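Residue numbers 783 to 1123, in the numbering used here, belong to the letters of the sequence shown in order. Backbone N, C-alpha and C fix where the C-beta goes; we use that ideal spot for every residue, glycine too. Computed from a prediction, not measured in an experiment: that's the story for all the values here. Only one structure is covered here, and it is reproduced in the block below.
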Amino acid sequence: MIKNDLFLKALNNETVERPPVWMMRQAGRYLPEFMAIKEKYDFFTRCKTPELASEITVQPIRIIKPDAAILFSDILVVPQAMGIQVELQDNIGPVLPNPIRKASDVDNVFIPDINETLGYVMDAIDMTREKLDNEVPLIGFAGSPWTIFCYAVEGKGSKSFDKAKGFCFSNPVAAHQLLQKITDTTILYLKEKVKHGVNAVQVFDSWGGMLSPADYTEFSWYYINQIVEALADETKVIVFGKGCWFALNDMSKSKAAAIGVDWTCSPRNARYLTGGKKTLQGNFDPSRLLSPIPVIKKMVHEMIDEFGKDNYVVNLGHGILPNIPVDHAKAFVEAVKEYKQ
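Written out as structure tokens, the structure reads:
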């Protein structure tokens, strides 16, 4: 039994004394302990070495003490497993040297054997669970098919992902074929994570907000919902779409256990758009963690008051920034633990 099961209770719509709290990207770049490992090993070495990935995962549990751990990995291990080359370049970010630009490129992408290509992730889960010793739940994750598609077609990060969108609109048949391959792989990947004991999974749709509501329904939500449907009977699924407030109503009708909200959508609107009963997660602006500690604590308490303590998971509205002082991250978590109605 997990000793601190507050996070799982919130996903189960149970009444809680206070909401649970964790932070997206909490395992990582704002922690000096993480930076010490980063200096010795490159990014994908950290992802692919279970000893390192598990150590990075539990660092914030020891230091920041949130109510859940999220496995250290990256969304781009999935396209790597599908035969798409991915490199991480300093000061640039992810680079895919051979982006997918035509139908024949899609034919070369395959649905892999998960244990053969991503077995190192499963080993990291096993090691992490041993280190956590049932202290808190462990979250597994994947990128949304649309977000993976964006990188695969664009070839790198982008402010607008025009090439990815252009491929969808000029070559919709090939685009849907690629999206389906990514979806099928992601379902297999997340199911394997559940078999290895993660307690919940989150789908990150980082670039969903690039699409119009109609295009989002066709090119993103259609595929995310397949993942939700495939996993909902096996585990709790959280869906987070950055900039996707317009899709909250559709998301609320799905089998997702919780829906993540970014800071551009107020708690009141998020509750209204999701019908009031769905568990919501978010939505503190990560930059706000640069505010003075008393301001952070006040804002967190106000945020909980607005969302309500039940059916709610306190989190940021996107990943924590590298320049956040550790004391400020701790204050964010402490503010939730100190919360009284």
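When DSSP states are grouped into helix, strand and coil, Ala-850 belongs to the coil group. Under the DSSP assignment, Asn-1065 falls outside any alpha helix (DSSP H), being part of the beta strand (DSSP E) whose first and last residues are 1061-1066. Restricting attention to Leu-878, Leu-853, Tyr-1094, Tyr-902, the CA atom closest to the CA of Leu-793 is found in Tyr-1094. Apart from the 5 residues on each side of it in sequence, Lys-945 sits with its Cβ closer than 8 Å to the Cβ of Pro-881, Arg-883, Val-935, Glu-936, Gly-937 in its chain, given in chain order. Approximately 5 Å separates the beta-carbon atoms of Leu-1098 and Met-805; this is inside 8 Å, confirming the contact. DSSP, reduced to helix, strand and coil, places Leu-920 within a strand of the structure shown. Going by beta carbons, Gly-1057 and Val-1043 fall outside the 8 Å limit.
A direct Cα-Cα distance of roughly 14 Å separates Tyr-1121 from Val-1077.
DSSP places Tyr-902 in the helix class (H, G or I) of the three-state scheme. Ile-907 sits away from Ala-982, with the two beta carbons spaced by 8 Å or more. Around the C-beta of Val-1082, 16 or more other C-beta atoms lie within 10 Å, and the residue is accordingly described as buried.
Relative to the Cα of Ser-988, the nearest Cα in the group Pro-832, Lys-941, Tyr-902 belongs to Lys-941. The C-beta of Ser-926 has 16 or more other C-beta atoms within 10 Å across all chains shown, which makes the residue buried.
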